[in-house]
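Residue numbers (my numbering): 5 to 288.
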Amino acid sequence: MIKTLQIEDDIRILCGFNLNKNFKPKAEVVMNELKVSPKDRVAFVSGASRGIGRAITIELLEKGAKKVYAGVRNLKALKDLKEEYGDRLVPILVDLRDDKSIIKATRAARDTEILVNNAGVYEPGGFCSDETLDSLATNFEVNVWGLVKMTISMIDYLKLRESAAIVNISSVLGLASMPVAGTYCASKAAVHSITQGLRGELGSSKILVVGVYPGPIDTDMTRELDMEKDTPQNVARNVVKGLEEGKEYIFPDMMSKQVGELYLTEPLTVEKQFANFISEEEEV
5 MIKTLQIEDD
15 IRILCGFNLN
25 KNFKPKAEVV
35 MNELKVSPKD
45 RVAFVSGASR
55 GIGRAITIEL
65 LEKGAKKVYA
75 GVRNLKALKD
85 LKEEYGDRLV
95 PILVDLRDDK
105 SIIKATRAAR
115 DTEILVNNAG
125 VYEPGGFCSD
135 ETLDSLATNF
145 EVNVWGLVKM
155 TISMIDYLKL
165 RESAAIVNIS
175 SVLGLASMPV
185 AGTYCASKAA
195 VHSITQGLRG
205 ELGSSKILVV
215 GVYPGPIDTD
225 MTRELDMEKD
235 TPQNVARNVV
245 KGLEEGKEYI
255 FPDMMSKQVG
265 ELYLTEPLTV
275 EKQFANFISE
285 EEEV
C-alpha cells in the first residue's frame with residue numbers, strides 16, 4: 005500500500021516556483037515485492053535515439069542487460085552506441101504511428117523481458133482554440149495510442165517470462181495540468197491511467213508495471229523552456245534503480261519527487277499551483 009506522506013511546507017514547484025533544494029522524501033513509494041534487475045535481461049526501449057530513451061538504453065546496458073532493442077525511426081541515430089556495445093545493442097525500426105511497424109518490431113523482439121514505453125511527442129495547446137483537436141490528435145497518436153499498441157503487441161511475450169516489467173514514461177504533467185499544455189498533459193494523464201489499469205489487470209502475473217513521472221528534463225523537447233532542468237542520465241539511473249527496488253511509481257528527479265509527495269497528500273494543491281503559474285506569468 006502507498007504510505008500516507010506528511011509534508012511540513014507548502015512546496016512551490018515548477019518553472020518560476022521555488023525549488024526546495026534541501027528536500028528529502030518522507031517515504032518511498034514501494035508497492036510490489038517483484039523486483040526486476042536488468043542484469044542478463046533483454047529490454048526494449050522505444051524512442052531510444054535521444055533524450056531519456058537513449059539514456060535509459062545506455063543505463064540498462066551499463067547495468068548488465070544481455071541485450072537492448074533500441075526502437076528508433078532512424079538507425080543511423082545509434083551508430084555510436086552500436087560501435088560501443090556491439091551485439092548487445094540491437095537498433096530496430098519502429099514508428100508508433102504505423103501499426104505494421106509496431107507489429108514487425110515486437111515480433112522481432114519477442115524475447116523482450118523489460119518493455120520501456122518511452123517514445124513521445126510534445127505538441128503545446130489548450131482546450132479553447134481552433135487547434136485543440138489537432139493538438140490532441142498529435143499528442144494522443146504517439147503518447148497514448150502508440151504506447152497502448154506497443155504494449156498489446158508485446159504483452160503475450162512478456163507473460164511467458166518468469167518475471168518481466170512494463171515501464172511507462174508519463175510526466176508530472178500527467179498528474180496535474182498546465183493550461184498552455186493542456187492537450188499534452190491530457191495525453192500523459194492517459195498514460196498514468198493506463199499504467200494503473202495495466203497494474204490492476206496484471207496484478208496476479210509476474211509483470212511489474214511501473215509509471216515514471218519526470219519533471220523538466222534537459223532534452224530536445226524542452227530546449228525552448230527557460231527553467232531549471234535535470235539530466236536524462238539522472239532520470240535513467242533512477243528508473244533502473246526503481247526497477248531493481250520494485251517501485252511502481254518512480255519520481256526520477258528532484259522536482260518530480262517534490263511534486264509526487266505533494267500529489268500523494270494534497271493533489272488539489274498541485275493542481276492549483278500548476279494552474280496559477282500561468283496566471284502569475286500573464287500578470288508580469
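Built from N, CA and C at the ideal position, the CB exists for glycine as well.
From the beta carbon of residue i, is the nearest beta carbon of chain D less than 7 Å away?
i: Gly150; result: The question asks about chain D, but that chain is absent: this structure has only one protein chain.
Got a sec: does the ligand GDP put a non-hydrogen atom nearer than 6 Å to the Cβ of residue i?
i: Ala112; result: Annotation note on the ligand GDP: not contained in the displayed structure, which lists no ligands.
Considering just the uninterrupted stretch of the alpha helix (DSSP H) at residue i, what are its terminal residues?
i: Ala193; result: 186-205
Nearest CA to the CA of residue i: which residue from the options?
i: Thr142; options: Asn121, Ile106, Ala190; result: Ala190
i: Gly55; options: Leu247, Thr155, Ala240; result: Ala240
i: Lys80; options: Ile106, Gly186, Ser53, Asp99; result: Ser53
i: Asp100; options: Gly219, Val76, Tyr89; result: Note on residue identity: the sequence assigns Leu, not Asp, to residue 100. Here the closest residue by C-alpha is Val76.
i: Gly129; options: Asp138, Pro218, Ala74, Leu119; result: Asp138
i: Ser2; options: Ser209, Thr136, Val120, Tyr89; result: The displayed coordinates of the chain run from 5 to 288. Any statement about residue 2 would go beyond what the structure contains.
i: Ala113; options: Ile159, Ala279, Asp102, Leu202; result: Ile159
Identify, in the order they occur along the chain, each residue of the same chain with its Cβ nearer than 8 Å to the Cβ of residue i, setting aside the five sequence neighbours on each side.
i: Ile282; result: Any answer about Ile282 is weak, because its pLDDT of 49 lies below 50 and its placement is not dependable; what the coordinates show is given next. Taken in chain order, the residues that qualify are Met182, Pro183, Val184.
i: Leu212; result: Asn36, Leu38, Lys39, Val40, Ser167, Ala168, Ala169, Ile170, Leu247, Gly250, Glu252
i: Val244; result: Pro42, Ile60, Glu63, Leu64, Lys67
i: Asn238; result: Pro256, Asp257
i: Val274; result: Ile17, Leu179, Ala180, Val263, Leu266, Tyr267
What residues in its chain sit with their C-beta under 6 Å from that of residue i, if we drop five residues either side in the sequence?
i: Leu97; result: none
i: Ala193; result: Gly178
i: Thr235; result: Asp222
i: Asp115; result: Val46
i: Leu162; result: Ala168, Ile211
i: Lys276; result: none
i: Leu202; result: Val213
Identify, in the order they occur along the chain, each residue of the same chain with its Cβ nearer than 7 Å to the Cβ of residue i, setting aside the five sequence neighbours on each side.
i: Glu66; result: none
i: Leu206; result: Val213
i: Phe278; result: Leu18, Ala180, Ser181, Met182
Tell me which residue opens and which closes the beta strand (DSSP E) that residue i is part of.
i: Leu82; result: Premise fails: Leu82 is in no beta strand (DSSP E) and is neither H nor E.
i: Gly72; result: First, the amino acid is wrong: residue 72 is Val here, not Gly. Unbroken beta strand (DSSP E) run through Val72: 71-76.
i: Val94; result: 93-97
i: Val171; result: 168-173
Using the beta-carbon count (16 or more within 10 Å), is residue i buried or exposed?
i: Lys71; result: buried
i: Arg111; result: exposed
i: Pro220; result: buried
i: Leu272; result: exposed
i: Ala31; result: The pLDDT assigned to Ala31 is 46, lower than 50, so where the model puts this residue is not dependable, and the model offers no usable value.
i: Val148; result: buried
i: Asn78; result: exposed
i: Asp13; result: Any answer about Asp13 is weak, because its pLDDT of 34 lies below 50 and its placement is not dependable; what the coordinates show is given next. Exposed, because fewer than 16 other Cβ atoms sit within 10 Å of the Cβ of Asp13.
### Query
Any contact of the stretch 105-116 with the stretch 150-159, i.e. 3+ C-beta pairs under 8 Å?
Between the stretch 105-116 and the stretch 150-159, the count of Cβ pairs shorter than 8 Å is three or higher; the stretches touch.
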